[in-house]
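Student: I'd like to ask some things about the structure below.
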Amino acid sequence: MSTCGENSGHGQITVLRPGEEFASLFENDLDAAGLTTDLARTIDPPLLVIDLVNVRFIGSAFLGRCVLLQKTLRARQGGLALCHLNSFGSTALSVAGLDQVIPLYATIEEATARLT
116 MSTCGENSGH GQITVLRPGE EFASLFENDL DAAGLTTDLA RTIDPPLLVI
166 DLVNVRFIGS AFLGRCVLLQ KTLRARQGGL ALCHLNSFGS TALSVAGLDQ
216 VIPLYATIEE ATARLT
């Protein structure tokens with residue numbers, strides 16, 4: 116896992132990039148990948164981009180965790196965005212209707228520029 120701040124011109128945005136060891140994100144991997152509600156409760160500002168460049172498969176638990184992260188961040192007047200999601204992940208997000216709730220971008224730069 117890699118966490119870094121990205122300066123988008125709107126302050127610091129936390130970017131979380133699960134490492135190659137998380138190519139498949141199942142329920143038991145989420146905390147180890149850094150996808151925790153503690154992160155959503157403590158980052159300042161409450162803006163989070165999850166970069167899925169190394170992820171090939173997402174399970175339903177990942178989708179549920181994204182909803183929880185988004186709710187936690189929005190309660191703090193923040194938000195969540197995803198980037199570099201492959202076609203399988205994009206389809207899963209769309210079928211679950213979450214593409215209407217969680218913005219998806221092609222690049223980190225696009226996500227950080229729009230997440231304010």
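The sequence shown begins at 116 in my numbering and counts up by one. Quick reminder that beta carbons are idealized off the backbone N, C-alpha and C, glycines included.
Can you give the Cα-Cα distance for Arg-189 and His-199, rounded to whole angstroms?
Tutor: For the purposes of this step, residue 189 is taken as the residue at position 74 of the sequence shown. For the purposes of this step, residue 199 is taken as the residue at position 84 of the sequence shown. The straight-line gap from Cα to Cα measures roughly 22 Å.
Student: For the beta strand (DSSP E) holding Gln-215, just list the boundary residues, first then last.
Tutor: Residue numbering aside, residue 215 sits at position 100 when the sequence shown is read from its first letter. First-last for Gln-215: undefined, no H or E at that position.
Student: Along the alpha helix (DSSP H) that carries Thr-187, what are the first and last residues, could you check?
Tutor: Within the sequence shown, residue 187 is the residue found at index 72, counting from 1. That run of the alpha helix (DSSP H) goes 175 to 190.
Student: Thinking just about the alpha-carbon of each residue, which of Ala-148, Arg-191, Ser-139, Leu-167 is nearest to the one in Thr-157?
Tutor: Within the sequence shown, residue 157 is the residue found at index 42, counting from 1. It is Arg-191.
Student: Is the beta carbon of Val-182 sitting closer than 7 Å to the one on Thr-227?
Tutor: On the sequence shown, position 67 is the one that residue 182 refers to. On the sequence shown, position 112 is the one that residue 227 refers to. Contact: no.
Student: Buried or exposed, going by whether 16 or more other CB atoms sit within 10 Å of the CB of Thr-231?
Tutor: By 1-based counting over the sequence shown, the position of residue 231 is 116. Result: exposed.
Student: Quick check: the Cα distance between Val-130 and Gly-193, rounded to an integer number of angstroms?
Tutor: Translated into positions along the sequence shown, residue 130 becomes position 15. Translated into positions along the sequence shown, residue 193 becomes position 78. The alpha-carbon atoms of Val-130 and Gly-193 are separated by roughly 14 Å.
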